[in-house]
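Undergrad: Numbering (our numbering), first residue to last: 5 to 164.
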């Protein structure tokens with residue numbers, strides 16, 4: 005299974021700082037039902053699991069490059085994570101989507117990922133400004149990149 009390290013939702017308040025936008029996180033179950041979500045703009049946390057639902061407000065948190073780990077590969081240095089979407093499925097066919105912003109051109113970010121993902125066992129091929137391929141576990145992988153030359157906006161999608 006893909007190793008993905010993100011700050012635990014319960015620890016968000018410890019590392020939080022209420023300045024600027026934060027990172028939005030959603031965790032979905034079968035059929036798109038939201039189990040948990042953090043709104044990066046407001047700090048609002050919602051939880052809905054069988055037998056319990058509730059919401060609370062925590063300080064906003066901005067996740068950064070080192071808070072992301074995909075088989076040992078972090079985001080490009082200095083990147084910030086804008087949103088994380090996790091979808092679960094009954095047959096482990098869920099997926100992960102991470103939106104981020106990097107302080108480099110799309111070409112620099114693509115080259116950086118190409119080298120590191122190949123070393124981590126991914127099969128990757130250029131696809132426009134991004135990459136496509138499979139993880140070492142044979143899950144589909146896609147990196148979309150766009151930008152104005154000095155900052156790249158990207159989305160990593162794994163699985164589902």
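Glycine included, C-beta positions come from ideal geometry on N, C-alpha and C. From a predicted model like this one, the values you see are computed outputs, not experimental measurements.
(1) What would DSSP say about residue 9, mapped onto helix, strand or coil?
(2) With burial defined as no fewer than 16 other Cβ atoms inside 10 Å of the residue's Cβ, what is the status of residue 100: buried or exposed?
(3) Tell me whether residue 69 sits in a helix, a strand or coil according to DSSP, three-state version.
(4) What are the boundary residues of the alpha helix (DSSP H) that residue 112 is part of?
(5) On a CA-only basis, which of 126, 160, 153, 156 is nearest residue 146? Give me that one, please.
(6) Do the region 106-121 and the region 136-156 touch if we need at least three Cβ pairs shorter than 8 Å?
(7) In three-state terms, what does DSSP make of residue 142?
(8) Within the same chain, show all residues whose beta-carbon is closer than 8 Å to that of residue 138, passing over the 5 residues directly before and after it, in chain order.
(9) From 151, 75, 89, pick the residue whose C-alpha is nearest to that of residue 134; which is it?
(10) May I have the straight-line CA-CA distance separating residue 89 from residue 26, to the nearest angstrom?
(11) Quick check on residue 43: does DSSP put it in helix, strand or coil?
(12) Residue 163 lies in the beta strand (DSSP E); which residues open and close that run?
(13) Between residue 140 and residue 51, what straight-line distance do the alpha-carbon atoms span, to the nearest angstrom?
(14) Spell out the partners DSSP gives residue 130 in its beta bridges.
TA: So, from the listed chains and residues:
(1) Residue confidence is low: residue 9 scores 31 on pLDDT, short of 50, so the model does not pin down where it sits. Its coordinate-derived value is still stated next. Residue state, collapsed to three classes: coil.
(2) buried
(3) helix
(4) 110-123
(5) 160
(6) yes
(7) coil
(8) 126, 127, 144, 145
(9) 151
(10) 14 Å
(11) coil
(12) 156-163
(13) 32 Å
(14) 135
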